[in-house]
Each structure stands twice: as structure tokens, then as C-alpha cells.
Amino acid sequence: MTPPSPIAAPGTAPGPSRAKLPSLTGLRFIAAALVFFFHATFSDPPMNPFADQAWEEGFRWLFSKAGWMGVSFFFVLSGFVLTWSAKPGDTATGFWRRRLLKIFPNHIVMWALAMVLFAGAMTPLSAWLPNLFLVHSWFPQHETFISVNPPSWSLCSELLFYLLFPFLIGPVLRIRERALWGWAAAMVVCMVAVQLATDFLLPQNPPTPEGFGISLWEFWFGYNFPPVRMFEFVLGMLLARLVLAGAFPRVRILPAALLCLAGYAAAMAVPFLYGLNVATIIPVSLLICAVARADVDGAPTVLRGRTMQWLGEVSFGFYLAQYVVMYYGRTALMDERLFAPLPGVLVLLGFFLATLLVGRLLLVCVERPVMRRWSRPRPRLPQAPGAPAEEREPAPALR
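Here the sequence shown is numbered in UniProt numbering, starting from 1 and rising by one per residue.
Right under this line is the structure:
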């Protein structure tokens, strides 16, 4: 099966469609760091290291929306990058092979580590088995969709995105340029509609164990249920089309970043459900497009520097390792001890660096070797003289 279409979208020159986007790689780490600090604010489980109430509450307040914003960024970015880097002639099976090899090995390593260190003693088969196969976010039970290594819930959505991408790319590429903005707006409207339906139609009880101020049903459906996150992914695909077509206005990165801060402030002010992704989706989308456009134009950015590229490459492993490192460190090694402000900051820095180290190990020891070994089909045996030549699968393009 071959996904239809040339990926250089109608009306776009071949140059921009082939441009690399290193600044988006660097930006990816900033989003992963937001999720790290969001999880570090939790008091249950006991991640927050501060004994002083003012510091504990201030730290929690400052990063209270960071995780939601970071994950929404990843979902939009996923659609954007896959559309940007897709090539004519790639196959659905080749694409699925690469994407599964990209996420599952790291996930399985961290799943096994979490099970050995802490989760195995408190996680039933009905929770850890769906988690292993990345389908746990399809279940509304809290002990299932937040289980083993909790950040892995987002991979359930990514898995759905990857499954559907070969079927979506053709229709998205066939949208006329003048209709792209309307379709992008429709995705945002659908996101608002999801939260309105969640707010007014779903049960108000039981409450979430985390104390988020919404019900468990609302949290699952409005945030964790994979199909409702498709709108962010498709929005990312449409944004890539807009940038490829030269139809997205040139916006500087700094104003776009400042708008993200304004969106973050809005997320803190609106009712909880609407702060999960609706309040920040436009600023996040604008920032992704601004950064991509800067790369297309060859503009220098801090995000393209060697350090940010290194961090960006580590970001997936960093994201998967953060909870395991912090939870095990805080519970098993520190016995949930709380600290004065300065030692507490040093504890956070230590966990941050430890998570970076584990993320790097996952990249070097797991992700890269697996991708080198299995991301392409094994070479076929030489054919007998006169046998018809079979078409080769193109080199990986959708990374």
C-alpha cells in the first residue's frame, strides 16, 4: 500500500519541502523540559522536594500548566514533521515499521525498568498488559490509563496518529491552498467542541485522584482518550501544508514565544478543562510555524546550536525516563524527604541531569542501534538472470 501523493504540496516549490528543520529539534527539548517540571510539582506521588509551603505551592503554581502545554506541542509537532518530511513513493508498511521501531524499544525498556523498580508490586495484569502494548489510554479506569510509567499514555495517541497517517496524508495534500486556513480553524473548533462536550455531558464524579478539580471521566475523555487528540495532529499536518505553500505569514520567533507565555497565562485563568489544550493551541501552533519558517529562510536561531540539537535528540528518551527517575529517586532513595529551598533546587537539578543521562543512554544504546538494524527491510537475495527487478522501498524519510 502506498500513501497517495507527492509530499511537496500543490503550489509549493521543491526547495522548502526538502528543507531541514533543526530548530524544531531543539524546541522539542524545551517542551520535554516543561513536562519534567510539571511532574516535579506533584505532591502525590511525592515528586515535589520543597518543605517550605510557599516554595512548594509557588513551584506547583508556576508549572501547573506546563505538562498540558508540552504534550499539546508534541501532538501538533508530530503532524507537522511527518507531513513535512514525507516523500512520494514511501509505503505505509515502511512508515509503520520505522515509527514502531522509534517508540516501542525505548518504551519497553522504561516499562520493564518501572516494573522492576516499583510498578510491578502495585500494578495488576489488567493495567500493565495494556500499558505494555500502548493501548492503556483507551481504558477509562485511572489505574490503567495512568499506570506503570505514566508519561507513556501519550504514546497511545501517537500510535493512533501513526496508524492513520498514511490514510490522512493524501486527503490533506489534496486540500486547496485557499481552504487550508478554514480546515485549520475547523480543527481548533473541534478541540473547543470536545471540551464543551466533556464539560457539559460527562459525569461530574468521581473526582480525579490528583485533585485536578474535574471528574475522572472528564480527565480521561477530555485529555487522555486518543481519538480526541487527533485534532491537534491533523492541525499540525495542515500547518505544515501552509508553511510549505508559503501561505503562513512570517512571524518572528520571539513574538511567537511571548504569545505562548500569554497563552500559558490564559490556561491558568480559564476553567481547568479549557486549559488542557484549547487556551494554548493557537500560540503553540504559531511558534511551531515561526520556528519552521526561520529554518526555511536560513535565519540563525539559538535552537540550531550544537547544545540544543544534542538536547533535542535526547528529548524522547528524556520524556520517557523522567517519571521513573524522579519517582524511584524520591521514594526509594530519598524516602520522600523534603528539603529547604536551596537543597530542593539542587535535588531538582540532580534529577534533571540524571534524566538527561538516562535519555542519552536510551538514544545511544537502544534507539539508534534498533533503527540502524531494523528500520529498513533486509536486502533481498540476488535474483536469477532475467528475473524482473522488484521495486525497492525508499530510504526512510518519515523520522
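Quick reminder that beta carbons are idealized off the backbone N, C-alpha and C, glycines included. The structure displayed is predicted, hence computed values, not measured ones.
| Asked | Found |
| --- | --- |
| Within 10 angstroms of its Cβ, does residue 61 collect 16 or more other Cβ (buried), or is it exposed? | exposed |
| Can you tell me where the alpha helix (DSSP H) with residue 35 in it begins and where it stops? | 22-40 |
| Evaluate the contact criterion for the segment 314-333 versus the segment 47-67: three or more CB pairs, one atom per stretch, below 8 angstroms. | yes |
| Evaluate the contact criterion for the segment 201-217 versus the segment 249-263: three or more CB pairs, one atom per stretch, below 8 angstroms. | no |
| Under 7 angstroms between the Cβ atoms of residue 79 and residue 35? | no |
| Which residues does DSSP list as the beta-bridge partners of residue 248? | According to DSSP, which records beta bridges pairwise, residue 248 is partnered with nothing at all. |
| Counting C-beta neighbours from all protein chains within 10 Å, is the total for residue 160 16 or more, i.e. buried, or is it exposed? | buried |
| To the nearest angstrom, how far is the alpha carbon of residue 396 from that of residue 43? | A caution first: residue 396 carries a pLDDT of 35, below 50, which makes its placement in the model unreliable, though a value can still be read off. Going from the Cα of residue 396 to the Cα of residue 43 covers about 43 angstroms. |
| Based on the DSSP secondary-structure assignment, which residues constitute the bridge partners of residue 118? | DSSP output for residue 118 lists no bridge partner at all. |
| Please list, in chain order, all residues of the same chain as residue 384 whose beta carbon is under 6 angstroms from its beta carbon, the five residues on each side excluded. | Since pLDDT at residue 384 reaches only 41, below the 50 mark, its modelled position is unreliable, and the value read off the structure follows with that caveat. Hits under 6 angstroms: none found. |
| Counting only the same chain and skipping the five closest in sequence on each side, list residues whose C-beta sits under 8 angstroms from that of residue 313. | 25 and 363 |
| Do residue 72 and residue 284 have their beta-carbon atoms positioned less than 7 angstroms apart in this structure? | yes |
| Report the three-state DSSP secondary structure of residue 207 (helix, strand or coil). | strand |
| Touching or not, the segment 142-153 and the segment 118-129, by the rule of three or more beta carbon pairs under 8 angstroms? | yes |
| Since residue 50 sits in a beta bridge, which residues does DSSP pair it with? | 339 |
| Taking just the CA atoms, how far does residue 84 sit from residue 198? | 32 angstroms |
| At a cut of 8 angstroms, does the segment 367-375 reach the segment 102-122 through at least three beta carbon pairs? | yes |
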